[in-house]
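Undergrad:
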Amino acid sequence: MRRSKADVERYIASVQGSTPSPRQKSIKGFYFAKLYYEAKEYDLAKKYICTYINVQERDPKAHRFLGLLYELEENTDKAVECYRRSVELNPTQKDLVLKIAELLCKNDVTDGRAKYWVERAAKLFPGSPAVYKLKFDSALQSAKSLGGNDELSATFLEMKGHFYMHAGSLLLKMGQHSSNVQWRALSELAALCYLIAFQVPRPKIKLIKGEARQNLLEMMACDRLSQSGHMLLNLSRGKQDFLKEIVETFANKSGQSALYDALFSSQSPKDTSFLGSDDIGNIDVQEPELEDLARYDVGAIRAHNGSLQHLTWLGLQWNSLPALPGIRKWLKQLFHHLPHETSRLETNAPESICILDLEVFLLGVVYTSHLQLKEKCNSDHSSYQPLCLPLPVCKQLCTERQSWWDAVCTLIHRKALPGNIAKLRLLVQHGINTLRAQEKHGLQPALLVHWAKCLQKMGSGLNSFYDQRQYIGRSVHYWKKVLPLLKIIKKNSIPEPIDPLFKHFHSVDIQASEIVEYEEDAHITFAILDAIHGNIEDAVTAFESIQSVVSYWNLALIFHRKAEDIENDAIFPEEQEECNYLRKTRDYLIKIIDDSDSNLSVVKKLPVPLESVKEMLKSVLQELEAYSEGGPLYTNGSLRNADSEIKHSTPSPTRYSLSPSKSYKYSPKIPPRWAEDQISLLKMICQQVKAIK
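Position 568, counted from 1, in the sequence shown is what UniProt numbering calls 568; the numbers after and before it change by one each time, with no gaps.
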């Protein structure tokens with residue numbers, strides 16, 4: 001029961017009557033002040049605490065109590081001064097540091113003292129919603145009223161996007177130790193934040209003065225769009241109409257209040273906060289496009305300066321998407337002058353390092369990180385928690401052994417200290433030895449298979465002969481390394497080294513029942529490389545001996561390209577030979593469709609969707625039908641004119657449309673003159689013009 005003012009006065013009078021010493025009376029002043037505080041007599045409480053401080057000046061609790069009384073009077077300056085003195089006397093009061101920062105920001109966000117105390121609080125409370133509100137929300141609120149179409153407004157808009165992106169990350173960080181119900185609520189609010197962040201338009205760079213500032217703002221925008229876009233896909237995966245429901249439920253005043261209360265305190269005033277007063281009612285249901293995300297990722301790479309954590313996080317996002325990550329483009333941003341491949345795969349000299357070595361390294365880090373996350377997901381994971389948390393919240397995704405990456409970056413960019421170069425070179429050599437699967441590499445066979453398959457898939461989706469040759473050549477290199485290991489697996493398992501560059505995961509150990517399939521995959525890759533090198537007959541023989549839908553597809557591509565070569569390279573094409581190649585193409589495409597009808601599981605092995613096979617078959621049948629009606633080279637019985645012949649001398653790899661994410665292009669037996677060499681193209685045109693004359 002709370003005492004009244006009269007009760008407190010009677011009690012104090014009785015105590016003071018029995019205490020003759022003035023000093024003793026003053027010492028009891030702290031206790032008297034607390035009694036008056038409970039009775040809500042703040043002026044009297046202040047009087048007694050001041051008398052106490054006069055005799056006990058170094059008591060931090062007394063200064064803190066006096067600060068509380070001044071705060072109740074809304075005398076911010078005096079409250080801050082009392083709290084500051086209390087912290088000086090007892091620096092362990094971390095909560096009081098945050099209290100001072102809050103009071104100063106509430107009073108004047110531009111106050112120099114506010115910046116000092118906010119930074120101090122940020123060090124004591126990393127990731128704190130209160131600090132986030134003080135540092136970011138307050139700054140945006142103070143700049144909100146500044147309109148116009150200038151550099152400041154462009155920067156403000158970009159900062160708004162980052163504010164919501166980090167707010168989403170903060171919500172998901174809160175969910176790490178929450179129940180399933182809380183995870184759902186937090187993930188929905190986080191999705192709202194990421195939607196707003198993703199829909200903030202890219203800044204108008206022309207408004208920014210100076211190239212350095214323009215580049216900085218552009219990098220920040222790409223990073224924001226990359227992170228928020230990937231997190232939207234992450235949160236909505238497997239949930240139909242998820243983003244639509246988020247917009248309908250939360251893009252309004254009540255949703256804004258729920259977001260504010262989840263991030264900050266419901267007791268703090270919303271009208272003085274940027275988050276509480278911003279207009280969020282005009283967002284759309286906009287799911288990120290993969291092509292756009294790929295572009296944003298490339299820009300974001302520069303913002304993180306080649307951080308392995310960031311590269312791994314990006315790789316993990318693409319791991320669950322149907323398209324391949326643009327690792328090569330990422331690396332080209334960081335290592336402009338490195339060659340793509342080396343002819344010295346047998347050496348481990350640091351000078352021989354190339355883009356493909358680094359690409360393989362990143363593929364390995366992403367692969368093992370994904371398996372690590374899956375293990376954790378199986379043991380303790382909410383159904384609403386994304387497999388991969390936002391980048392700022394993610395724990396370390398790479399191991400200490402993978403500091404090899406930092407050593408490579410230091411050497412390549414020539415930032416090594418003179419006395420440290422030999423140590424770094426040795427570290428890089430050991431890593432290259434592993435990445436190229438040289439002696440005692442200690443790699444898990446499943447990882448070698450993963451590398452071989454990824455590189456073959458990447459190479460098959462490229463147009464350039466040289467790129468295909470390098471990717472598929474490296475894929476063949478790994479298949480040759482893994483085939484002897486597959487024979488060992490038939491007898492017993494392969495031991496894991498003590499401290500491998502890439503951790504082994506027994507969940508993906510190759511089983512004896514899978515060996516035949518992997519051996520078939522290896523021989524298909526060997527045959528593809530033969531075809532790229534121009535050894536067409538060897539490739540055809542190898543593909544025909546395998547007899548699978550993948551080999552049939554490759555045979556169809558080879559014979560279709562042969563038909564195209566005859567049509568485009570000859571002045572008087574051999575119509576019968578072209579027809580024969582088209583018929584062979586047709587037969588192999590029909591075999592694929594027949595096998596798919598009888599066994600649906602083989603469709604998964606196809607490098608393209610089954611619809612693309614049917615589309616190609618339709619195109620080939622139309623060509624064959626045209627030949628039966630007099631041939632495509634004749635119009636009203638006359639030879640096509642030379643202009644038409646030259647126009648069609650640059651064929652596309654295929655005449656049928658393929659899914660951009662799954663397209664499978666194929667190089668001819670030699671680097672095509674019309675695609676690789678402009679001089680040869682000019683010579684060919686000149687020869688054809690002479691022939692016409």
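Where is the CB? At the ideal position from N, CA and C, for every residue including glycine. From a predicted model like this one, the values you see are computed outputs, not experimental measurements.
Report, in whole angstroms, the separation of the C-beta atoms of residue 223 and residue 303, which I expect to be a contact under 8 Å.
TA: Numbered from 1 along the sequence shown, position 223 holds the residue referred to as residue 223. Numbered from 1 along the sequence shown, position 303 holds the residue referred to as residue 303. Confirmed, Cβ separation roughly 4 Å.
Undergrad: Given this structure, state the Cα-to-Cα distance separating residue 446 from residue 238, to the nearest angstrom.
TA: Residue numbering aside, residue 446 sits at position 446 when the sequence shown is read from its first letter. Residue numbering aside, residue 238 sits at position 238 when the sequence shown is read from its first letter. Taking the straight line joining both Cα atoms gives about 28 Å.
Undergrad: Could you tell me the alpha carbon to alpha carbon distance between residue 613 and residue 591, rounded to whole angstroms?
TA: On the sequence shown, residue 613 is found 613 positions in, with the first residue counted as 1. On the sequence shown, residue 591 is found 591 positions in, with the first residue counted as 1. When rounded, the distance between both Cα atoms is 11 Å.
Undergrad: What is the DSSP secondary structure of residue 158, reduced to helix, strand or coil?
TA: As a working note, residue 158 is residue 158 in the sequence shown. In this structure, residue 158 counts as helix in the three-state DSSP scheme.
Undergrad: For my contact list, residue 596 and residue 617 are in at a C-beta cut-off of 8 Å; report their separation, rounded to the angstrom.
TA: The residue given as residue 596 occupies position 596 in the sequence shown. The residue given as residue 617 occupies position 617 in the sequence shown. Going by Cβ atoms, the distance from residue 596 to residue 617 rounds to 12 Å, so no, they are not a contact pair.
Undergrad: Can you list, in chain order, the residues of its chain with a C-beta nearer than 6 Å to that of residue 300? Leave out the 5 residues immediately preceding and following it.
TA: Position 300 of the sequence shown, counted from the first residue, corresponds to residue 300. Answer for residue 300: 222, 223 and 226, listed in chain order.
Undergrad: Have a look at residue 280 and residue 252 and give me their C-alpha separation to the nearest angstrom.
TA: Counting from one through the sequence shown, the residue named residue 280 turns up at place 280. Counting from one through the sequence shown, the residue named residue 252 turns up at place 252. The alpha-carbon atoms of residue 280 and residue 252 are separated by roughly 7 Å.
Undergrad: Assuming residue 258 is part of the alpha helix (DSSP H), what are its boundary residues?
TA: To locate residue 258, count along the sequence shown from 1; it is residue 258. For residue 258, the enclosing alpha helix (DSSP H) has its first and last residue at 253-263.
Undergrad: Have a look at 438, 312, 62 and 468 and flag the residue whose alpha-carbon is nearest the alpha-carbon of residue 361.
TA: One-based indexing of the sequence shown puts residue 361 at position 361. Considering only alpha carbons, the answer is 312.
Undergrad: Rounded to the nearest angstrom, how far is the Cβ of residue 581 from that of residue 563, given a contact under 8 Å?
TA: Here residue 581 refers to the residue found at position 581 of the sequence shown. Here residue 563 refers to the residue found at position 563 of the sequence shown. That belief holds up - the Cβ atoms of residue 581 and residue 563 are roughly 4 Å apart, short of 8 Å.
Undergrad: Keeping to the same chain, check which residues put their C-beta closer than 7 Å to that of residue 476; ignore five residues upstream and five downstream.
TA: Here the question's residue 476 lines up with position 476 in the sequence shown. Correct list, in chain order: 525, 526 and 529.
Undergrad: Give me the residue from 53, 422 and 435 with the minimum Cα distance to residue 348.
TA: Start at 1 with the first residue of the sequence shown, and residue 348 comes out as number 348. When each option's Cα is compared against that of residue 348, the closest is 435.
Undergrad: Could you tell me which of 243, 481 and 321 sits nearest to residue 346, measuring between CA atoms?
TA: What you label residue 346 is simply residue 346 of the sequence shown in a count that begins at 1. When only C-alpha atoms are compared, the closest one is 481.
Undergrad: When DSSP labels each residue in this structure, what does residue 54 get in the three-state scheme?
TA: As a working note, residue 54 is residue 54 in the sequence shown. Note: residue 54 maps to helix in three-state DSSP.
Undergrad: Secondary structure at residue 612, three-state DSSP: helix, strand or coil?
TA: Position 612 of the sequence shown, counted from the first residue, corresponds to residue 612. Residue 612: helix per DSSP, three-state reduction.
Undergrad: So does the stretch 422-441 actually touch the stretch 203-217, counting three or more Cβ pairs closer than 8 Å?
TA: no
Undergrad: Looking at the unbroken alpha helix (DSSP H) that takes in residue 19, where does it start and where does it end?
TA: For the purposes of this step, residue 19 is taken as residue 19 along the sequence shown, with counting starting at 1. Here residue 19 belongs to no alpha helix (DSSP H), and DSSP marks it neither H nor E.
Undergrad: What's the C-alpha gap between residue 42 and residue 12?
TA: For the purposes of this step, residue 42 is taken as residue 42 along the sequence shown, with counting starting at 1. For the purposes of this step, residue 12 is taken as residue 12 along the sequence shown, with counting starting at 1. Residue 42 and residue 12 have their C-alpha atoms some 16 Å from each other.
Undergrad: Among the residues of its own chain, which have a CB less than 8 Å from the CB of residue 518, if the five just before and after it don't count?
TA: On the sequence shown, position 518 is the one that residue 518 refers to. Once the five neighbours on either side are set aside, the close Cβ partners of residue 518 are 449, 482, 486 and 510.
Undergrad: Going by other Cβ atoms of all chains shown within 10 Å of its Cβ, with 16 needed for buried, is residue 99 buried or exposed?
TA: Your numbering for residue 99 matches position 99 in the sequence shown. By the 10 Å Cβ count, residue 99 comes out buried.
Undergrad: Any contact between the stretch 194-207 and the stretch 255-275? By contact I mean 3 or more CB pairs, one from each, below 8 Å.
TA: no
Undergrad: Helix, strand or coil for residue 95 per DSSP?
TA: Taking the sequence shown and counting its residues from 1, the one referred to as residue 95 is at position 95. Three-state DSSP puts residue 95 in a helix.
Undergrad: Start and end of the alpha helix (DSSP H) containing residue 335?
TA: Here residue 335 corresponds to residue number 335 of the sequence shown, with the count starting at 1. First-last for residue 335: undefined, no H or E at that position.
Undergrad: Would you decide whether residue 315 is buried or exposed? Buried here means 16 or more other CB atoms lie within 10 Å of its CB.
TA: The residue you call residue 315 lines up with position 315 of the sequence shown. The residue in question, residue 315, is buried, as its Cβ has 16 or more Cβ neighbours within 10 Å.
Undergrad: In chain order, what residues of the same chain lie with their CB nearer than 7 Å to the CB of residue 117, ignoring the 5 residues before and after it?
TA: Position 117 of the sequence shown holds residue 117. Here the set comprises 97, 100, 101 and 104.
Undergrad: Any chance you could list the alpha helix (DSSP H) runs of at least 4 consecutive residues sitting entirely within the stretch 460-527, in chain order?
TA: Entirely contained in the stretch 460-527, the alpha helix (DSSP H) runs reaching 4 residues are, in chain order, 465-491.
Undergrad: I believe residue 195 touches residue 243 by the beta-carbon criterion, under 8 Å. Please report the beta-carbon distance rounded to the nearest angstrom.
TA: One-based indexing of the sequence shown puts residue 195 at position 195. One-based indexing of the sequence shown puts residue 243 at position 243. Taking the Cβ atoms as the reference, residue 195 lies roughly 7 Å from residue 243, within the contact range of under 8 Å.
Undergrad: Out of 409, 230 and 337, point me to the one whose CA is closest to residue 289's CA.
TA: Here residue 289 is taken as the residue at index 289 of the sequence shown, counted from 1. For the residues 409, 230 and 337, the minimum Cα distance to residue 289 belongs to 230.
Undergrad: Is it right to say residue 31 is buried, meaning 16 or more other beta carbons lie within 10 angstroms of its own, or is it exposed?
TA: Looking up residue 31 in the sequence shown gives position 31. With fewer than 16 Cβ atoms within 10 Å of its Cβ, residue 31 is classed as exposed.
Undergrad: Starting from the C-beta of residue 23, find all residues in its chain whose C-beta is less than 8 Å away, skip the five residues before and the five after it, and write them out in chain order.
TA: As a first step, residue 23 must be located in the sequence shown, where it is residue number 23. For residue 23, where only same-chain residues beyond five positions count, the Cβ hits under 8 Å are 55.
Undergrad: Once you ignore the five residues that flank residue 401 on each side, which residues in its own chain have a CB closer than 6 Å to its CB?
TA: Indexing the sequence shown from 1 puts residue 401 at position 401. The answer, listed in chain order, is 501.
Undergrad: Can you tell me where the alpha helix (DSSP H) with residue 342 in it begins and where it stops?
TA: As a first step, residue 342 is located in the sequence shown; it is residue number 342 there, counting from the start. Neither: residue 342 is in no alpha helix (DSSP H) and is coded neither H nor E.
Undergrad: Can you tell which of 558, 164, 328 and 250 has its C-alpha closest to the C-alpha of residue 274?
TA: The count along the sequence shown starts at 1 and reaches residue 274 at position 274. Checking every option, the nearest Cα to that of residue 274 belongs to 164.
Undergrad: Output the distance between the C-alpha atoms of residue 464 and residue 354, rounded to the nearest integer angstrom.
TA: If you number the sequence shown from 1, residue 464 lands on position 464. If you number the sequence shown from 1, residue 354 lands on position 354. Using only the alpha carbons, I get a separation of about 18 Å.
Undergrad: Round the Cβ separation of residue 470 and residue 341 to the nearest angstrom and send it over; I've been treating them as touching at under 8 Å.
TA: Looking up residue 470 in the sequence shown gives position 470. Looking up residue 341 in the sequence shown gives position 341. Contact between residue 470 and residue 341 holds: their C-beta atoms lie close to 4 Å from each other, under 8 Å.
Undergrad: Roughly how many whole angstroms lie between the Cα atoms of residue 468 and residue 451?
TA: Reading the sequence shown from its first residue, position 468 is the one you call residue 468. Reading the sequence shown from its first residue, position 451 is the one you call residue 451. If I take the Cα positions, the gap works out to 15 Å.
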